[in-house]
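J.: Starting off with a structure, shown below.
There are 2 protein chains.
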Amino acid sequence: MKNCLIAQSGGPTSVINSSCIGVFEKNLELNIFDNVYAGLNGIEGILNENLSNLSKMDPKIVSKLKYTPASGLGSCRYKLKDIDICRDEYLKLFEVFKKYDIDTFFYIGGNDSMDTVKKLSKVGVELNSPIKFIGIPKTIDNDLAIMDHTPGYGSAAKFIATTALENSLDANVYDTKNVFIIESMGRDTGWLAASAVVARIDNKPVVDLIYLPEVPFDKVRFLENVKNKLEQKNTVVIVVSEGLRDKDGNFVSEMNSFGSDKFGHAQLGGVASYLKNLLKHSGVKKVRAVELSTLQRCSMHYASQTDIDEAYNLGAYALENSKSIESGHMVAVKRTSTTPYKSEIFTLHTELVANKVKYFPKEWINEEGNNVTEDAYNYVLPLILGQPKIQYENGLPSYVSIR
Amino acid sequence: MKNCLIAQSGGPTSVINSSCIGVFEKNLELNIFDNVYAGLNGIEGILNENLSNLSKMDPKIVSKLKYTPASGLGSCRYKLKDIDICRDEYLKLFEVFKKYDIDTFFYIGGNDSMDTVKKLSKVGVELNSPIKFIGIPKTIDNDLAIMDHTPGYGSAAKFIATTALENSLDANVYDTKNVFIIESMGRDTGWLAASAVVARIDNKPVVDLIYLPEVPFDKVRFLENVKNKLEQKNTVVIVVSEGLRDKDGNFVSEMNSFGSDKFGHAQLGGVASYLKNLLKHSGVKKVRAVELSTLQRCSMHYASQTDIDEAYNLGAYALENSKSIESGHMVAVKRTSTTPYKSEIFTLHTELVANKVKYFPKEWINEEGNNVTEDAYNYVLPLILGQPKIQYENGLPSYVSIR
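Protein chains in written order, with this note's numbering: chain A, 5 to 407; chain B, 5 to 407.
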């Protein structure tokens with residue numbers, strides 16, 4: 005009897021479960037493993053022997069996870085240290101693997117999780133273990149090296165762009181000059197904020213200014229940018245990345261606040277809130293700031309079907325090719341054509357991805373450093389295509405919880 | 005030659021344009037009026053003779069407004085005073101009506117706008133004007149008297165409930181006790197916050213606590229409620245209305261803040277942000293607060309088709325019956341059956357609605373005052389049904405701007 009184990013790690017996405025169901029359903033089809041175990045709450049749960057046998061559950065229920073957002077198997081932010089520092093943890097993990105007769109471990113995650121895959125495969129060799137460790141990528145941040153993009157990004161991009169599109173219309177209803185600021189996630193990279201470039205009406209971009217962490221933030225230039233735009237039009241729509249920093253590397257979200265509001269409260273919040281106050285204190289009367297928070301990473305009701313399919317196919321491919329994929333490697337997406345969009349799956353060693361960050365390309369940022377180019381538009385567009393094939397029940401998406 | 009005039013007022017909704025297109029398309033069919041004029045930016049725009057002839061535009065373009073969120077004709081927050089105070093304004097308006105040969109004026113709005121319809125019809129009688137003034141309701145707040153519900157509410161309710169549903173899954177991925185707070189709009193009423201009751205997985209509500217302005221907010225009881233829930237489960241999901249007040253009538257959003265965060269900033273924001281800080285200062289470590297802001301009123305990509313259809317039908321009915329509807333009256337929706345859901349349109353005098361507020365029923369609030377009953381569930385459910393028949397272009401909804 006040979007089993008496989010699958011677990012999820014890091015921040016959730018709308019489609020992280022699709023990869024999991026790709027593994028699960030491909031195994032139903034090919035019967036490569038006798039049982040597909042889920043490690044609940046990632047590597048941390050496995051350390052606590054918190055496992056669940058998906059093969060013993062009703063496959064119809066499990067498969068509903070394909071269209072359920074967030075990490076259905078639970079997640080963790082646990083990073084394994086080097087074996088010299090925590091040998092016991094590794095030994096405990098391999099003990100659990102052995103107890104459940106695990107042949108292959110699929111770990112779905114970002115660059116931290118790929119570091120875990122890398123470390124486990126290395127320790128496996130040292131321990132003479134036959135267990136194979138395979139990584140499956142996910143992150144809305146789209147910051148994994150080498151691959152074209154990551155599952156989760158397309159759906160978040162679609163949500164951000166649509167929010168910009170719809171709110172640009174909403175912000176423009178009154179005959180008053182105003183500024184609308186949307187804050188996206190993305191950590192140190194601007195991929196998510198840049199995705200707003202696809203928001204268009206009559207083929208004209210609705211977002212006027214996009215600020216990315218790849219360009220040092222300059223307060224004076226920002227105020228100039230906005231005031232210039234406000235002279236040309238009624239409503240100025242801005243998308244900013246949470247990870248914005250000034251030239252000295254200080255996070256804008258941590259900058260000092262500006263006086264107090266009408267109730268005597270100091271003004272504060274994230275980047276969008278900071279910029280709102282900056283504009284208000286420089287005389288712009290009407291400013292609204294919205295932080296998209298976790299909505300951008302779990303809005304499965306509006307995910308990109310392209311994203312769902314790619315996430316699923318990566319899982320299915322990893323399962324189907326688990327015998328030939330080398331331990332410590334991961335699956336990833338390569339774009340082979342943009343128009344029409346075509347992609348294929350390839351494998352690479354996790355050490356090329358672990359702990360590395362892929363920044364938004366400088367050449368796709370405009371000269372003023374306050375927007376992105378048509379190249380960015382062409383890059384993002386195919387990734388957001390397709391309405392998700394959600395099942396509805398009593399008016400809302402029919403999601404499942406299996407934990 | 006006889007023309008009609010249509011205008012929009014107050015805060016936008018996802019479906020306010022659907023009512024407008026109901027008027028427009030029904031007139032294309034029945035040819036009751038030679039021209040359908042749009043008053044841009046509501047009554048304020050009409051005062052400035054800011055009119056646009058929809059009948060001279062490409063009807064295919066105009067009709068795209070049916071599935072475009074926000075007030076496509078622009079909006080205003082302008083409230084007409086009594087005629088004794090601003091006779092000149094009324095005379096100017098009637099002058100514009102006469103110049104454009106307006107026979108009937110349709111005004112789409114909430115209780116303030118219905119006050120405008122009431123006043124105009126009264127002045128019309130005094131001036132011996134034959135012009136007819138007809139109101140068409142809209143507001144996501146659902147706070148208009150007498151009618152079962154208002155167009156715009158169902159779509160906002162669907163967005164709020166789905167956001168609660170998806171984010172409850174997202175919040176629950178880590179093995180850590182945490183609280184997720186969503187702040188809805190709704191002014192002085194709890195209709196929007198209460199709509200989260202329809203968010204369910206396996207027929208179990210995912211929202212643990214719902215706080216409405218109809219129940220005076222009590223800090224101590226709130227902390228008790230949350231701590232009790234946190235003992236039972238990992239993630240506690242809370243939906244709060246922006247209009248929450250304490251027993252003395254003070255807005256919670258205006259209450260004093262709690263100390264400062266790690267950067268030395270005082271903590272502040274709306275209600276959700278206040279409650280977040282309250283919980284953090286009482287020892288709850290992980291709390292996330294999200295203000296849905298304008299997203300809840302313009303997310304046409306996920307509107308309720310039931311809501312779109314009702315908004316459209318109200319406009320079409322008003323046009324078709326404009327000869328028999330009395331001036332100063334409005335159209336509205338009556339529910340004739342909940343299972344299966346059936347509704348019909350009726351008319352009533354705007355004076356029954358103008359400046360009045362319909363509160364969330366006390367009998368639909370649970371004993372503890374921190375959630376709503378199955379009656380509320382049954383009330384909301386039919387209003388959110390149906391996926392919107394949106395056209396997509398380059399991956400995103402194809403919206404139109406006609407101003």
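C-beta: ideal position from N, C-alpha, C; glycine also.
1. Counting Cβ pairs closer than 8 Å, one from the segment 25-43 of chain B and one from the segment 310-324 of chain B, do we hit at least three?
2. Would you mind listing the alpha helix (DSSP H) stretches within the segment 138-180 of chain A that are 4+ residues and don't spill past its ends, in chain order?
3. Pick helix, strand or coil for residue 204/B, following the three-state DSSP scheme.
4. Along the segment 287-313 of chain A, what residues have a CB closer than 8 Å to any CB found in chain B?
5. With distances taken Cα to Cα, identify the nearest neighbour of residue 396/B among 347/B, 141/B, 71/B.
6. If the criterion is Cβ atoms closer than 8 Å, does the pair residue 74/A and residue 50/A meet it?
7. Rounded to whole angstroms, what's the CA-CA distance from residue 167/B to residue 224/A? Just pull it up for me.
8. Among 19/B, 403/B, 406/B, 384/B, which one has its Cα closest to the Cα of residue 203/B?
9. Can you list, in chain order, the residues of its chain whose CB lies under 8 Å from that of residue 355/A, leaving out five sequence neighbours each side?
10. Among residues of its own chain, excluding the 5 on either side of residue 21/B, which ones have a beta-carbon nearer than 6 Å to its beta-carbon?
11. Taking Cβ positions, are residue 171/A and residue 238/A nearer each other than 8 Å?
12. I want to check one thing, is the minimum distance from the CB of residue 226/A to the heavy atoms of the ligand COA below 7 Å?
13. Return helix, strand or coil for residue 136/B, following the three-state DSSP convention.
14. Run through chain B and tell me which residues come within less than 8 Å of residue 80/A, C-beta to C-beta.
15. Assuming contact is defined by CB atoms lying nearer than 8 Å, are residue 60/B and residue 38/B in contact in what I supplied?
16. Report the neighbours of residue 202/A on chain B: residues whose CB is nearer than 9 Å to its CB, in chain order.
17. Can you find the residues in the same chain that come closer than 8 Å, C-beta to C-beta, to residue 268/B, ignoring five residues on each side of it along the sequence?
18. Contact between the segment 179-196 of chain A and the segment 294-305 of chain A: three or more CB pairs below 8 Å?
19. Assuming the contact rule is C-beta atoms closer than 8 Å, residue 183/B and residue 200/B should be a hit. Round their C-beta distance to whole Å, please.
20. Counting only beta-carbon separations shorter than 8 Å, does residue 1/A have a partner in chain B?
21. Rounded to whole angstroms, what's the CA-CA distance from residue 303/B to residue 88/A? Just pull it up for me.
22. Could you work out which residue in 160/B, 406/B, 259/B is closest to residue 16/B when comparing CA atoms only?
23. According to a CB-to-CB cut-off of less than 8 Å, which residues of the segment 155-172 of chain B neighbour chain A?
24. Looking at the structure shown, is residue 292/A part of a helix, part of a strand, or coil, going by DSSP?
25. Roughly how far, in whole angstroms, is the beta-carbon of residue 394/B from the beta-carbon of residue 386/B, given that I think they are within contact range, below 8 Å?
26. Within 10 Å of its beta-carbon, does residue 285/B have 16 or more other beta-carbons around it, so buried, or fewer, so exposed?
27. With DSSP run on the structure shown, which of helix, strand or coil describes residue 101/A?
28. So, does the CB of residue 45/A fall closer than 8 Å to a CB anywhere in chain B?
29. By DSSP, does residue 239/A sit in helix, in strand, or in coil?
30. So with CB distances below 8 Å, who are the chain C contacts of residue 73/B?
31. Taking just the CA atoms, how far does residue 352/B sit from residue 376/A?
32. Would DSSP call residue 397/A helix, strand or coil?
33. Does DSSP classify residue 404/B as helix, strand or coil?
34. Decide yes or no for the touch test of the segment 328-347 of chain A against the segment 121-141 of chain A: beta carbon pairs closer than 8 Å, at least 3 of them.
35. Please classify residue 314/B: is it buried, with 16 or more other beta-carbons within 10 angstroms of its beta-carbon, or exposed?
36. Would you verify that the beta carbon of residue 405/A is, or is not, closer than 8 Å to some beta carbon of chain B?
T.: Judging by the given coordinates:
1. Output reads yes: the segment 310-324 of chain B touches the segment 25-43 of chain B.
2. 157-175
3. In the second sequence, the residue the question calls residue 204/B occupies position 200. Correct three-state label for residue 204/B: strand.
4. 292, 294, 295, 297, 298, 299, 301, 302, 303, 304, 305, 306, 308
5. On the second sequence, residue 396/B is found 392 positions in, with the first residue counted as 1. For the residues 347/B, 141/B, 71/B, the minimum Cα distance to residue 396/B belongs to 71/B.
6. Residue numbering aside, residue 74/A sits at position 70 when the first sequence is read from its first letter. Residue numbering aside, residue 50/A sits at position 46 when the first sequence is read from its first letter. Going by C-beta atoms, residue 74/A is not nearer than 8 Å to residue 50/A.
7. The residue you call residue 167/B lines up with position 163 of the second sequence. The residue you call residue 224/A lines up with position 220 of the first sequence. Going from the Cα of residue 167/B to the Cα of residue 224/A covers about 37 Å.
8. Residue mapping note: residue 203/B aligns to position 199 of the second sequence, counting from 1. Per the Cα distances, 384/B.
9. Locating residue 355/A in the first sequence gives position 351, where the first residue counts as 1. Excluding sequence neighbours, residue 355/A sits near 122, 332.
10. Start at 1 with the first residue of the second sequence, and residue 21/B comes out as number 17. The answer, listed in chain order, is 69, 72, 76.
11. Numbered from its first residue, the first sequence carries residue 171/A at position 167. Numbered from its first residue, the first sequence carries residue 238/A at position 234. Result no, Cβ atoms of residue 171/A and residue 238/A do not sit closer than 8 Å.
12. Inclusion of the ligand COA in the displayed structure is not the case, the ligand content being empty and no account of it being possible.
13. For the purposes of this step, residue 136/B is taken as residue 132 along the second sequence, with counting starting at 1. Strand at residue 136/B.
14. On the first sequence, position 76 is the one that residue 80/A refers to. Correct list: 178, 179.
15. Taking the first residue of the second sequence as 1, we reach residue 60/B at position 56. Taking the first residue of the second sequence as 1, we reach residue 38/B at position 34. With contacts defined as CB atoms closer than 8 Å, residue 60/B and residue 38/B fail to qualify as a contacting pair.
16. Here residue 202/A corresponds to residue number 198 of the first sequence, with the count starting at 1. Chain B residues near residue 202/A: 398, 399, 400.
17. In the second sequence, counting from the first residue as 1, residue 268/B sits at position 264. Note that residue 268/B scores a pLDDT of 44, beneath 50, so its modelled location is shaky and nothing firm can be said.
18. yes
19. Locating residue 183/B in the second sequence gives position 179, where the first residue counts as 1. Locating residue 200/B in the second sequence gives position 196, where the first residue counts as 1. Not a contact, Cβ separation roughly 15 Å.
20. What is shown of chain A runs 5 to 407, which leaves residue 1/A out entirely.
21. Counted from its first residue, the second sequence places residue 303/B at position 299. Counted from its first residue, the first sequence places residue 88/A at position 84. Rounded to whole angstroms, the gap between the alpha carbons of residue 303/B and residue 88/A is 52 Å.
22. Position 12 of the second sequence, counted from the start, is the residue given in the question as residue 16/B. Checked all of 160/B, 406/B, 259/B; the closest Cα to residue 16/B is 160/B.
23. Listed in sequence order: 162, 165, 166, 167, 169, 170, 171.
24. Indexing the first sequence from 1 puts residue 292/A at position 288. Note: residue 292/A maps to strand in three-state DSSP.
25. The sequence position of residue 394/B within the second sequence is 390, counting from 1. The sequence position of residue 386/B within the second sequence is 382, counting from 1. Not a contact, Cβ separation roughly 21 Å.
26. As a position in the second sequence, residue 285/B is number 281, starting the count at 1. With fewer than 16 Cβ atoms within 10 Å of its Cβ, residue 285/B is classed as exposed.
27. As a first step, residue 101/A is located in the first sequence; it is residue number 97 there, counting from the start. DSSP, reduced to helix, strand and coil, places residue 101/A within a helical segment of the structure shown.
28. Taking the first sequence and counting its residues from 1, one reaches residue 45/A at position 41. Yes, because at least one Cβ of chain B sits closer than 8 Å to the Cβ of residue 45/A.
29. Counting from 1 along the first sequence, the entry for residue 239/A is found at position 235. Reduced to three states, the DSSP call for residue 239/A is strand.
30. Here chain C cannot be found, since the structure's protein chains are A and B.
31. The sequence position of residue 376/A within the first sequence is 372, counting from 1. The sequence position of residue 352/B within the second sequence is 348, counting from 1. Roughly 52 Å between the two C-alpha positions.
32. Position 393 of the first sequence, counting from 1, holds the residue named residue 397/A. In this structure, residue 397/A counts as strand in the three-state DSSP scheme.
33. Residue 404/B sits at position 400 when you count from the first residue of the second sequence. Coil, per DSSP.
34. yes
35. The residue you call residue 314/B lines up with position 310 of the second sequence. Counting Cβ neighbours within 10 Å, residue 314/B comes out buried, since at least 16 surround it.
36. By 1-based counting over the first sequence, the position of residue 405/A is 401. Interface residue, yes.
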